[in-house]
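For reference, the structure discussed in these notes is given below.
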Amino acid sequence: MSDKSVDCAANEMLERCDGVIETAFDRAAQIKPCPVGADSSCCKMCFMGPCRLVGKTTRGVCGATRATVAARNYARAVAGGSAAHSDHGRGLAFALLAVARGEAQGFRIRDTQKLYAVASYLNIATEGRSVNAIAEDVATKALDNFGQQTGLISYASRATPKRQQIWQDLGLTPRSVDREIVEIMHRTHMGVDQDAENILKQAMRTALGDGWAGSMLATDISDILFGTPSPLQSAVNLGVLKDDEVNIVLHGHDPALSEMIVAASTDPELLAYAESKGAKGINLAGICCTANEVLMRHGIPPAGNFLSQELAIATGAVEAMIVDVQCIMQALAEVAKAHHTRLITTSSKAMIEGATHIEFDEQHAYDCAKNLVRAAIDNYPNRGQTHIPPAREELVAGFSHEYIGYMQGGLYRGSFRPLNDAVIAGRIRGLAAVVGCNNARVTQDSAITKIVRELIANDVLVVVTGCAATGAAKEGYLRPEFMDKAGPGLREVCEAIGVPPVLHVGSCVDNSRILTILTQCATEGGLGEDISDIPAVGICPEYMSEKALAIGTYCAASGAHVLFGIHNPVAGSPEVTELISKGWEATVGGSMEFEPDVDRLIARAFEIIDAKREALGLAEYNPNRFGQSGDALMEEALRATQNKPTLGFYSISDVSAE
Ligand code: MSK
Numbered sequence: 005m006s007d008k009s010v011d012c013a014a015n016e017m018l019e020r021c022d023g024v025i026e027t028a029f030d031r032a033a034q035i036k037p038c039p040v041g042a043d044s045s046c047c048k049m050c051f052m053g054p055c056r057l058v059g060k061t062t063r064g065v066c067g068a069t070r071a072t073v074a075a076r077n078y079a080r081a082v083a084g085g086s087a088a089h090s091d092h093g094r095g096l097a098f099a100l101l102a103v104a105r106g107e108a109q110g111f112r113i114r115d116t117q118k119l120y121a122v123a124s125y126l127n128i129a130t131e132g133r134s135v136n137a138i139a140e141d142v143a144t145k146a147l148d149n150f151g152q153q154t155g156l157i158s159y160a161s162r163a164t165p166k167r168q169q170i171w172q173d174l175g176l177t178p179r180s181v182d183r184e185i186v187e188i189m190h191r192t193h194m195g196v197d198q199d200a201e202n203i204l205k206q207a208m209r210t211a212l213g214d215g216w217a218g219s220m221l222a223t224d225i226s227d228i229l230f231g232t233p234s235p236l237q238s239a240v241n242l243g244v245l246k247d248d249e250v251n252i253v254l255h256g257h258d259p260a261l262s263e264m265i266v267a268a269s270t271d272p273e274l275l276a277y278a279e280s281k282g283a284k285g286i287n288l289a290g291i292c293c294t295a296n297e298v299l300m301r302h303g304i305p306p307a308g309n310f311l312s313q314e315l316a317i318a319t320g321a322v323e324a325m326i327v328d329v330q331c332i333m334q335a336l337a338e339v340a341k342a343h344h345t346r347l348i349t350t351s352s353k354a355m356i357e358g359a360t361h362i363e364f365d366e367q368h369a370y371d372c373a374k375n376l377v378r379a380a381i382d383n384y385p386n387r388g389q390t391h392i393p394p395a396r397e398e399l400v401a402g403f404s405h406e407y408i409g410y411m412q413g414g415l416y417r418g419s420f421r422p423l424n425d426a427v428i429a430g431r432i433r434g435l436a437a438v439v440g441c442n443n444a445r446v447t448q449d450s451a452i453t454k455i456v457r458e459l460i461a462n463d464v465l466v467v468v469t470g471c472a473a474t475g476a477a478k479e480g481y482l483r484p485e486f487m488d489k490a491g492p493g494l495r496e497v498c499e500a501i502g503v504p505p506v507l508h509v510g511s512c513v514d515n516s517r518i519l520t521i522l523t524q525c526a527t528e529g530g531l532g533e534d535i536s537d538i539p540a541v542g543i544c545p546e547y548m549s550e551k552a553l554a555i556g557t558y559c560a561a562s563g564a565h566v567l568f569g570i571h572n573p574v575a576g577s578p579e580v581t582e583l584i585s586k587g588w589e590a591t592v593g594g595s596m597e598f599e600p601d602v603d604r605l606i607a608r609a610f611e612i613i614d615a616k617r618e619a620l621g622l623a624e625y626n627p628n629r630f631g632q633s634g635d636a637l638m639e640e641a642l643r644a645t646q647n648k649p650t651l652g653f654y655s656i657s658d659v660s661a662e
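Each residue of the sequence shown is one higher than the one before, counting from 5 in our numbering.
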């Protein structure tokens with residue numbers, strides 16, 4: 005196996021790029037991370053420094069200690085991540101407002117049920133009112149959650165009563181998204197908050213504003229506008245690009261733009277235009293979290309995750325890469341220049357030198373999307389030699405919180421009872437979320453895939469989001485057939501409910517869906533009273549983004565134990581390392597731990613899950629307690645009699661054949 009990626013398509017492209025096109029993999033090899041910055045031992049909050057607190061230097065010029073410096077750096081990263089997610093959510097709230105007022109061309113409210121549900125969370129009356137009037141109030145209230153100066157965020161009431169009490173007692177309930185972010189920037193300015201524990205408390209409050217307001221509102225409003233996801237079949241990896249069609253790759257995070265491009269790509273006028281240029285059609289694919297958004301709602305296949313973005317262009321088969329915000333490498337402009345690809349930026353917040361800028365404007369959304377698609381079609385005749393790796397895996401994606409409830413009882417009796425009962429009985433050992441990015445410092449997808457494999461083999465039900473979801477999908481882990489690799493208890497439950505053992509629940513903003521899933525598990529009964537009681541763990545093995553730290557922090561402040569790989573970003577301060585792990589565990593019941601060794605990280609995940617089982621008084625996990633699943637036994641019998649392999653759970657080929 006290559007030490008760059010476990011993805012064969014990525015390795016194939018990297019071989020072709022070697023010495024011809026520079027990629028993030030090359031730059032990571034050339035640039036050594038600064039060891040002082042990596043440990044948060046560098047303070048540049050004022051211009052007397054930067055102060056490097058290493059060796060015998062334990063204080064900066066102002067006297068700031070290592071703990072203060074590390075806590076400030078951590079808090080600022082959380083503020084950055086929270087700002088990114090939440091600004092995305094704010095944009096969607098404005099989009100909903102424009103739709104409600106009839107000012108957003110091409111958009112409409114697709115899920116009125118979700119609109120009513122959100123209105124009820126926000127205490128907005130629905131009786132006898134028009135959909136647009138309700139939507140306008142929902143959007144306005146959502147916007148208040150970003151900018152209000154007093155009061156508390158609305159969705160705090162969606163947490164369990166125990167969690168709400170913890171937040172209230174500790175002063176952690178966010179007032180509004182923006183206020184908490186601004187307060188972090190103020191507190192970490194030179195000469196303000198110099199108490200590491202107090203700074204970290206504000207980091208939690210800010211992150212909670214992201215998780216329970218910015219991100220949760222982003223997810224909910226996306227569902228209202230574009231539809232709440234339910235499982236669908238698609239494919240993944242660079243092999244989804246097509247040699248004879250106009251390939252458009254959507255990259256970034258904002259579903260508003262990508263939704264319109266999906267619609268425009270089926271416009272008969274544009275299809276005819278593509279044909280007139282010699283193409284057989286218009287093929288859309290995604291990268292990063294835009295990929296997850298359009299995958300879950302339309303089955304548009306992801307071409308890859310974070311570290312595959314340059315490689316997609318290097319195939320020579322991409323007419324346009326259309327980007328909006330977040331996780332977009334500046335180097336794309338250089339790679340695009342070496343090919344015929346048009347790199348098109350669409351947000352006034354994210355311009356790149358060398359890219360074409362065509363700004364997305366909601367009021368003329370559909371026209372704008374058509375212009376972008378037309379620009380890609382115009383570029384098709386410029387295509388030169390292409391090399392599309394054949395790698396392509398099938399997948400099933402799109403398990404929203406609502407759909408998981410529906411799968412456990414149907415439309416009228418949907419609940420989380422079967423799942424909770426399975427955990428209580430020990431058929432399912434516990435739950436895990438494997439989330440987050442790729443990081444060029446480690447082998448792409450290696451930790452993600454190993455962790456998912458080990459967890460399900462040991463009867464842990466896994467949900468995945470973001471680039472971790474795409475990484476798992478590329479190795480075939482989102483195929484129903486992956487059921488074969490699950491432990492017998494987990495397999496039995498998944499067969500009974502009809503879900504695969506690895507559930508794709510969305511983009512990085514959709515980690516908020518994990519909060520609502522866990523909250524429902526807690527309120528269903530039998531697994532304690534709160535997220536902190538559930539045998540569950542969050543794992544972010546290949547993180548690279550500030551958003552990942554914000555997500556980890558809001559999960560910890562919501563009571564979850566979260567394990568990160570790569571490197572401890574506050575390693576320079578044992579005090580801060582202790583505060584965010586054992587310190588937070590004692591106060592909020594959740595924690596953040598960093599463990600670069602994947603085997604140790606997996607062992608720690610099981611330790612956390614088993615300790616929660618013990619605390620709940622549940623039977624110790626025993627992999628042999630229930631024997632093989634019914635379907636596995638049947639398969640064995642069938643194999644013996646007919647020498648023909650079959651699967652208990654439906655296979656993708658069965659579905660396709662129907
Ligand atoms: S895109 S934040 S690399 S998950 Fe959401 Fe992927 Fe991480 Fe960006």
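Idealized CB from N, CA, C, for every residue including glycine.
Could you tell me if E273 is buried or exposed, where buried requires 16 or more neighbouring beta carbons within 10 angstroms of its beta carbon?
It counts as exposed.
Assign I362 to one of three DSSP states: helix, strand, or coil.
In the three-state DSSP reduction, I362 falls in the coil class, being neither helix nor strand.
Please confirm whether D115 and T232 have their CB atoms less than 7 Å apart.
Result yes, Cβ atoms of D115 and T232 sit closer than 7 Å.
Using the rule of at least 16 other Cβ atoms within 10 Å of the residue's Cβ for burial, across every protein chain shown, is F51 buried or exposed?
Burial state of F51 is exposed, judged by a 10 Å Cβ sphere holding fewer than 16 other Cβ atoms.
At a Cβ threshold of 7 Å, is I432 touching chain B?
Although the question refers to chain B, the structure presented lacks it and comprises just one protein chain.
Taking the alpha carbon of S419 as the point to measure from, which residue in Q389, C471, H92 and I408 has its own alpha carbon closest?
The candidate whose alpha carbon is nearest that of S419 is I408.
Is it the case that the CB of G470 approaches a heavy atom of ligand 1 more closely than 6 Å?
Answer for G470: yes, Cβ within range of ligand 1.
For H89, is the classification buried or exposed, using 16 other Cβ atoms within 10 angstroms of its Cβ as the cut-off for buried?
By the Cβ-count criterion, H89 is buried, with 16 or more other Cβ atoms from all chains shown falling within 10 Å of its own Cβ.
Under 6 Å from any heavy atom of ligand 1, does the C-beta of S124 make it?
For S124, the CB stays at least 6 Å from every heavy atom of ligand 1.
In DSSP terms, what P306 is bridged to
Assignment of beta-bridge partners to P306 by DSSP yields G290.
Cα-Cα, which of S577, H571 and H565 is closest to M596?
Cα-wise, what sits closest to M596 is H565.
Suppose contacts are defined by Cβ-Cβ distances below 7 Å. Is S516 in contact with S219 by that definition?
One thing to note: S516 has its Cβ within 7 Å of the Cβ of S219.
Beta strand (DSSP E) segment containing Q237, residue limits
Looking at the DSSP string, the run of the beta strand (DSSP E) that includes Q237 is L236 to V240.
Does the distance from the C-beta atom of P305 to that of S262 stay below 7 Å?
For P305 and S262, no; Cβs fall outside 7 Å.
Quick one: grab the DSSP three-state call for I170.
Residue state, collapsed to three classes: helix.
Opening and closing residue of the alpha helix (DSSP H) in which S86 lies:
In the DSSP annotation of this structure, the continuous segment of the alpha helix (DSSP H) that includes S86 starts and ends at R70 to A104.
Would you mind stating whether A42 and L101 have Cβ atoms separated by less than 7 Å?
One thing to note: A42 has its Cβ no nearer than 7 Å to the Cβ of L101.
How many Å lie between S109 and T350 at the Cα?
At residue 109 the sequence reads Gln, which differs from the Ser that was named. Straight-line Cα distance between these residues: approximately 17 Å.
Below 8 Å CB to CB, which residues in the same chain sit around D22 once its five sequence neighbours on both sides are set aside?
Within the same chain, and ignoring the five residues on either side of D22 in sequence, no residue has its Cβ closer than 8 Å to its Cβ.
Put S516 into one of helix, strand or coil per three-state DSSP.
Collapsing the DSSP output to three states places S516 in a helix.
Would you kindly work out how many angstroms separate the C-alpha atoms of I584 and S86, rounded to a whole number?
Taking the straight line from one Cα to the other gives about 18 Å.
When the Cα atoms are used, what is the spatial distance from M542 to V438?
First, the amino acid is wrong: residue 542 is Gly here, not Met. Straight through space, the alpha carbons of V438 and G542 are spaced by roughly 6 Å.
Since G243 and P37 are thought to touch, with beta carbons under 8 Å apart, how far apart are those beta carbons, to the nearest angstrom?
Contact between G243 and P37 is ruled out by a C-beta separation of about 33 Å, above the 8 Å threshold.
For a quick check, are the C-beta atoms of I535 and L522 less than 7 Å apart?
In contact: I535 and L522 (Cβ atoms closer than 7 Å).
Could you check whether the Cβ of G542 sits closer than 6 Å to any heavy atom belonging to ligand 1?
Checking the Cβ of G542 against ligand 1 gives no.
Please state if the CB of A295 and the CB of E249 are separated by a distance shorter than 7 Å.
No.
Going by C-alpha distance, which of P385, E366 and I362 is nearest N375?
With distances taken between CA atoms, N375 lies nearest to I362 out of P385, E366 and I362.
Given I452 as reference, the closest of L435, G470 and D463 once Cα atoms are compared
Nearest C-alpha to I452: G470.
Apart from the five residues just before and just after V497, which ones in its own chain have a Cβ nearer than 7 Å to its Cβ?
Cβ-Cβ distances below 7 Å link V497 to A426, R431 and I432 in the same chain, with the five nearest sequence neighbours on each side left out; the list follows chain order.
Sequence-distant residues of the same chain with beta carbon closer than 7 Å to R112, five excluded per side
Cβ neighbours of R112 beyond the five flanking positions: V103.
Examine the Cβ distances between the segment 172-184 and the segment 46-61 and report whether three or more of them are shorter than 8 Å.
Short answer: they don't touch.
May I ask which residues mark the beginning and end of the alpha helix (DSSP H) holding N572?
Looking at the DSSP string, N572 is not in any alpha helix (DSSP H), and its letter there is neither H nor E.
CB of A337 within 7 Å of CB of N251, strictly:
No.
K551 beta carbon near ligand 1 (any heavy atom closer than 6 Å):
K551: yes, Cβ under 6 Å from ligand 1.
Compute the Euclidean distance between the alpha carbons of I381 and R417, then round it to the nearest angstrom.
Straight-line measurement puts the Cα of R417 at about 48 Å from the Cα of I381.
What does the Cβ neighbour count give for A619, buried or exposed, with the cut at 16 atoms within 10 Å?
A619 is exposed by the Cβ-count criterion.
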